Structure formats: structure tokens, C-alpha cells
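**Student:**
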Amino acid sequence: MELKGRVVVVTGGTRGVGAGIARSFLAAGARVVVCARRPPDRPVEEDGRRASFIPLDLREPGAVHAVFEVVAQRYGRLDCLVNNAGGTPYRRLGAGEGEGQREGRREAEAARHARVVELNLLAPMTASLAAYPWLRASRGSVVMIGSVSGTRPSPGTAAYGAAKAGLESLARSMAVEWAPEVRVNTLVPGMVRTELAHLHYGDAAGVEAVAATVPLGRLAEPSDIGAAAVFLASDRAAYVSGASLLVHGGGERPAFLDVATTNKEM
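Counting with the working numbering, you get residues 1047 to 1312 for the letters of the sequence shown.
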């Protein structure tokens, strides 16, 4: 219970990786608040302890600041912010482009990619700025949830990969600007087994095929990401700031290799 009494906010914490992170913090003794646009289908809990839920659309800066005001009033402190909310649909850049494509469709396509960047880069920055006064008072920390997509080519999710690369850069700069009061680190997961894994890798057989390419022989579980997040937020990481911690089992086979192979065969 190394985080007993500490207060943690996890954005996007109602399902998947975010819920796994929240449960790990609960197991470590923290008081946890999860934020998302919709409430969880079932309570996020662990060891008989339950996370609180506050509805939040991260695209509304005023609402983001209001949430941290509520947390501060309710608990009197904030020790860690986990910027987990994010994601993207699969869509290649320029998909559907053609000579006859109407300008309105092109604008819609650009706006779609801009929203991906907003959710995965600008929203975590907004949340971090809103949380900063309370994190500074507690000498707390920020944990950004990045992605291996930000470390290599990311065909089909290019805007997402670019945003996650930017998130790591942002975290390193924040770590310098906010030191010594606030530590800032990035957790960089690979493929995680969640209820949404099939959206990227198809059916169960496709998920297992990807798992077989990971050197450790399996996909990460949400609890694996949660354990790493708890470490970065704990006193055991007191001298860790500006770091990017890979949690990918040694690395999965990148999808862009299959794309390159397909292009050569065409």
C-alpha cells in the first residue's frame, strides 16, 4: 500500500488500459478518481475499494479545470495525474482522395485527423496545466500514457503516432520546467489485451497471432501497464523524471513491416 492516502486522477479510466491503471492504484492504497465522457458499465474497484467517477470531455478546457477544482475540494490534495485518455480509429492519410473528391470531404478528413491530435496531445497538456497547482503543492507527478506508435512509423494511425511522439517531447520539456516540484514521465505501452483489441488485430486468432510475435510470448494486460504507472508515481521513482518507460514485452512485430512487404509485392 505504498500510495496510501494519495489522490490520483486517471483520465479515460473507465475501461481498458485506463481501468487497469485505476485498479492498480487502488491496490496500492491510493484514492482514485476516474474521468471519462461516459460512466463505466460497472464500478472500477479493487480489493473492496472503489474509484470515484467524474464525467469529463477533455475537449472542453473549462470542464477540465472544473474537474480539478472538484477533486481539490473533495480530497484536499492531488498527488498524481495519469493522462491515459486517447486512441484513434484506423484510417490511412489521404484515404478516399481522388480528382473528383469534393472540397468539403477533404476538409472533413483533415478535421478528423486534427481531432486525433487534439485528444492525444492537446488534451493531456490541458489536463496537466489544470492539475499543476495541486501537483506542485504535493510535489506530485504526471504520468503520460504514450504508445510505441510514437516511436516508429504508424501507417493507418499516422496522426495518432505523431501525437504520441509529441506527447513524449512535451513530457520531457515539462519535466525540466516543472522541476523540482513535479515529476513528469511517459509510459510507452505496446499492444495491450483489452476489450477493444479486436479493432486493431481482428478476431481472437488475429490477436493471438500478434501476441506470438512478442518476445515475452504474450500481450500486456492492463495490470502490467498499471503496475508501471504505480511505480512512476511512487517514491521508488523519486529520481525519475523526463523518462520514457517502454512496457512492450520486448516489442511486437510492427504493422508497417507488413505494409512495406505488401507494397513490394504489388
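Cβ atoms here follow ideal geometry from the backbone N, Cα and C, with glycine treated the same way. All of these numbers come straight from a predicted model, not from anything done at the bench.
Based on Cα-Cα distance, which residue from P1226, A1283, G1186, A1274 lies nearest to L1292?
**Tutor:** Residue A1274 is the option with its Cα nearest to L1292.
**Student:** Report the partner residues of S1187 according to the DSSP bridge assignment.
**Tutor:** Per DSSP, C1126, R1229.
**Student:** Do R1084 and P1101 have their C-beta atoms closer together than 9 Å?
**Tutor:** The answer is yes: Cβ separation under 9 Å.
**Student:** Specify the secondary structure class of V1238 as computed by DSSP and reduced to three states.
**Tutor:** Residue state, collapsed to three classes: strand.
**Student:** Does DSSP classify G1059 as helix, strand or coil?
**Tutor:** G1059 falls in the coil class under three-state DSSP.
**Student:** Can you give the beta carbon distance from V1063 to N1166, rounded, assuming they're within the 8 Å contact cut?
**Tutor:** Not quite, the Cβ-Cβ distance comes to about 13 Å (not below 8 Å), so this is no contact.
**Student:** Quickly, what does DSSP pair E1092 with across the bridge? List them, please.
**Tutor:** In the DSSP output, where bridge partners are listed per residue, E1092 has R1095.
**Student:** Name the DSSP bridge partner or partners of A1054?
**Tutor:** Here residue 1054 is Val; the residue named in the question, Ala, does not match the sequence. DSSP, once it has assigned bridges, lists V1078, C1126 as partnering V1054.
**Student:** What alpha helix (DSSP H) runs, 4 residues minimum, are completely inside the segment 1255-1299?
**Tutor:** You should have 1268-1279.
**Student:** Can you look up P1107 in the DSSP assignment and give me helix, strand or coil?
**Tutor:** Three-state DSSP puts P1107 in a helix.
**Student:** Classify V1117: buried if its beta carbon has 16 or more other beta carbons within 10 angstroms, exposed otherwise.
**Tutor:** Buried is the call here.
**Student:** Among S1098, A1082, P1086, which residue has its Cα nearest to the Cα of F1071?
**Tutor:** F1071 has its Cα closest to that of S1098, out of S1098, A1082, P1086.
**Student:** Which of the three DSSP states, helix, strand or coil, is assigned to E1145?
**Tutor:** The predicted model places E1145 with a pLDDT of 48, which falls under 50 and marks its position as unreliable; any figure quoted below should be read in that light. In the structure shown, E1145 sits in coil (DSSP, three-state: anything other than H, G, I, E or B).
**Student:** Could you give the C-beta distance for V1228 and R1282, rounded to a whole number, given that I count them as a contact under 8 Å?
**Tutor:** About 17 Å; that fails the 8 Å criterion.
**Student:** Between the C-alpha atoms of D1125 and V1078, what's the straight-line distance to the nearest angstrom?
**Tutor:** Going from the Cα of D1125 to the Cα of V1078 covers about 10 Å.
**Student:** Can you tell me the Cβ-Cβ gap for T1172 and V1110, rounded? I've got them flagged as a contact below 8 Å.
**Tutor:** At roughly 5 Å, the Cβ-Cβ gap stays under 8 Å, so T1172 and V1110 are in contact.
**Student:** How should V1162 be labelled, buried or exposed, when 16 other C-beta atoms within 10 angstroms of its C-beta is the threshold for buried?
**Tutor:** V1162 comes out buried.
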